[in-house]
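> Chains as they are written, first to last, in this note's numbering: chain P, 2 to 117; chain R, 30 to 142. Where is the CB? At the ideal position from N, CA and C, for every residue including glycine. Quick one: this structure, given as structure tokens, is what I'll be asking you about.
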Amino acid sequence: SAVISQKPSRDICQRGTSLTIQCQVDSQVTMMFWYRQQPGQSLTLIATANQGSEATYESGFVIDKFPISRPNLTFSTLTVSNMSPEDSSIYLCSVAGTSRVSNEQFFGPGTRLTVL
Amino acid sequence: QQQVKQSPQSLIVQKGGISIINCAYENTAFDYFPWYQQFPGKGPALLIAIRPDVSEKKEGRFTISFNKSAKQFSLHIMDSQPGDSATYFCAASTGLGANNLFFGTGTRLTVIP
Chain P
2 SAVISQKPSR
12 DICQRGTSLT
22 IQCQVDSQVT
32 MMFWYRQQPG
42 QSLTLIATAN
52 QGSEATYESG
62 FVIDKFPISR
72 PNLTFSTLTV
82 SNMSPEDSSI
92 YLCSVAGTSR
102 VSNEQFFGPG
112 TRLTVL
Chain R
30 QQQVKQSPQS
40 LIVQKGGISI
50 INCAYENTAF
60 DYFPWYQQFP
70 GKGPALLIAI
80 RPDVSEKKEG
90 RFTISFNKSA
100 KQFSLHIMDS
110 QPGDSATYFC
120 AASTGLGANN
130 LFFGTGTRLT
140 VIP
């Protein structure tokens, strides 16, 4: 499996500001995803980060609120824009396409965001 | 609408016992069923996965049982240890390529020494 790192690991932000989360993989991967996990809850897919094109967003998530970049096959960013306390969550990136079993997704350690 | 339903929400097991977590799904297009283990403050880690062409898969103390007709699958942890205390998520996805994983709601397992 790939080694995935995320920065920052945690942050406390003020309402109305934006935070950009970085996801770095130690090898080229086909797919990169961004998930949200609210405290004590399950994981919900925000979007699929497509290399060289616009991200594909899931229902309930929009590009203006969660702009995503993927400039190459090892790196992606997620920005949480105009934050409100409801955005307080753990944000996780995951990757796939690193193994023989192409469905396998591997997750980064997550970014714990608190919005005051 | 929860695509994958998971139970129980929490589970307490004595050391050495068997932990059983159940999941059910409706979408017959699902063809990949992984289980993830998550410790506090960490990202989910892939534990074991199964495809619907087999009824059981075992890796060490962890076994997935799959019932295609009932659209159910379960995780069995044999000889449960305190180090197994974590939150477990089942998930499901479709297609040959990596696709959206639909996660269950999670089971918090506590193994008592």
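How big is the Cα-Cα spacing for R:Phe118 and P:Asn83?
Here residue 118 of chain R is taken as the residue at index 89 of the second sequence, counted from 1. Here residue 83 of chain P is taken as the residue at index 82 of the first sequence, counted from 1. R:Phe118 and P:Asn83: Cα-Cα distance of roughly 31 angstroms.
> Give, in chain order, every residue of the region 38-61 of chain P whose Cβ lies closer than 9 angstroms to some Cβ of chain R.
Of all residues in the region 38-61 of chain P, Gln38, Gly41, Gln42, Ser43, Leu44, Thr45, Leu46, Thr49, Glu59 have a Cβ within less than 9 angstroms of some Cβ in chain R.
> Any beta-carbon of chain P closer than 8 angstroms to the one on R:Phe118?
The count along the second sequence starts at 1 and reaches residue 118 of chain R at position 89. True, the Cβ-Cβ gap to chain P drops below 8 angstroms.
> Let me confirm a value: P:Ser77 is counted as buried when at least 16 other C-beta atoms fall within 10 Å, else exposed. Which label applies?
Taking the first residue of the first sequence as 1, we reach residue 77 of chain P at position 76. Buried, by the Cβ-count rule.
> Take the Cβ of P:Thr21 as the centre, count every other Cβ of all protein chains shown within 10 Å, and call the residue buried at 16 or more, exposed below.
Position 20 of the first sequence, counting from 1, holds the residue named residue 21 of chain P. Exposed: under 16 other Cβ atoms inside 10 Å.
> Report the CB separation of R:Ile93 from R:Leu75 in whole angstroms; it is logged as a contact under 8 angstroms.
Here residue 93 of chain R refers to the residue found at position 64 of the second sequence. Here residue 75 of chain R refers to the residue found at position 46 of the second sequence. At roughly 12 angstroms, the Cβ-Cβ gap does not stay under 8 angstroms, so R:Ile93 and R:Leu75 are not in contact.
> Looking at the unbroken beta strand (DSSP E) that takes in P:Ser6, where does it start and where does it end?
Mapped onto the first sequence, residue 6 of chain P falls at position 5. Element bounds for P:Ser6: 5-8.
> Alpha carbons only, please: which of P:Ala48, P:Tyr92, P:Gln106, P:Ser19 is nearest the one belonging to P:Phe62?
Along the first sequence, read from residue 1 onward, the residue named residue 62 of chain P stands at position 61. When each option's Cα is compared against that of P:Phe62, the closest is P:Ala48.
> List the residues of chain P that R:Thr136 touches, going by C-beta distances under 8 angstroms, in chain order.
What you label residue 136 of chain R is simply residue 107 of the second sequence in a count that begins at 1. By Cβ distance, chain P contributes nothing, its closest Cβ being about 11 angstroms from R:Thr136, past 8 angstroms.
> Using beta carbons (cut-off 8 angstroms, strictly below), is R:Asn56 in contact with chain P?
Here residue 56 of chain R refers to the residue found at position 27 when the second sequence is read from its first residue. For R:Asn56, the answer is no, since every Cβ of chain P falls outside 8 angstroms of its Cβ.
> Taking only beta-carbon atoms, is R:Phe132 less than 8 angstroms away from chain P?
For the purposes of this step, residue 132 of chain R is taken as the residue at position 103 of the second sequence. With 8 angstroms as the cut-off, R:Phe132 counts as an interface residue toward chain P.
> List the endpoints of the continuous beta strand (DSSP E) containing R:Ile141.
Position 112 of the second sequence holds residue 141 of chain R. 136-141 is the extent of the beta strand (DSSP E) around R:Ile141.
> Can you pull out the residues from the region 49-74 of chain R whose beta carbon lies closer than 9 angstroms to at least one beta carbon of chain P?
Cβ contacts with chain P come from Asp60, Tyr61, Pro63, Tyr65, Gln67, Gly70, Lys71, Gly72, Pro73, Ala74.
> Interface residues of chain P around R:Asn96 at Cβ under 9 angstroms?
Taking the second sequence and counting its residues from 1, the one referred to as residue 96 of chain R is at position 67. The contacting residues do not exist; R:Asn96 stays about 20 angstroms from chain P at best.
> Check whether the region 44-58 of chain R touches the region 80-94 of chain P, counting contact only when three or more Cβ pairs, one atom from each stretch, lie closer than 8 angstroms.
With a cut-off of 8 angstroms, the region 80-94 of chain P and the region 44-58 of chain R do not count as touching, because too few Cβ pairs lie within range.
> I want to know whether the region 39-59 of chain P touches the region 126-138 of chain R - three or more CB-CB distances under 8 angstroms.
The region 39-59 of chain P is in contact with the region 126-138 of chain R.
> CA-CA distance, R:Pro81 and R:Ala120?
For this step, residue 81 of chain R is matched to residue 52 along the second sequence. For this step, residue 120 of chain R is matched to residue 91 along the second sequence. Taking the straight line joining both Cα atoms gives about 13 angstroms.
> What does P:Thr31 pair with, by DSSP beta-bridge criteria?
Taking the first residue of the first sequence as 1, we reach residue 31 of chain P at position 30. P:Thr31 is not bridged to any residue.
> Three-state secondary structure (DSSP) at P:Glu105?
As a working mapping, residue 105 of chain P is identified with position 104 in the first sequence. In the structure shown, P:Glu105 sits in coil (DSSP, three-state: anything other than H, G, I, E or B).
> Run through DSSP, which three-state label would P:Asp88 get?
Here residue 88 of chain P refers to the residue found at position 87 of the first sequence. Residue state, collapsed to three classes: helix.
> Beta strand (DSSP E) containing P:Thr78: first to last residue?
Sequence index remark: in the first sequence, residue 78 of chain P carries index 77 (1-based). Taken as a continuous stretch (DSSP letters only), the beta strand (DSSP E) holding P:Thr78 covers 76-81.
> Per DSSP, which residues does R:Ala58 bridge with? Please list them.
The count along the second sequence starts at 1 and reaches residue 58 of chain R at position 29. None, per the DSSP bridge assignment.
> Nearest CA to the CA of P:Pro72: which residue from P:Ala97, P:Gln25, P:Thr112, P:Leu114?
Translated into the one-based positions of the first sequence, residue 72 of chain P becomes position 71. It is P:Gln25 whose Cα lies nearest to the Cα of P:Pro72.
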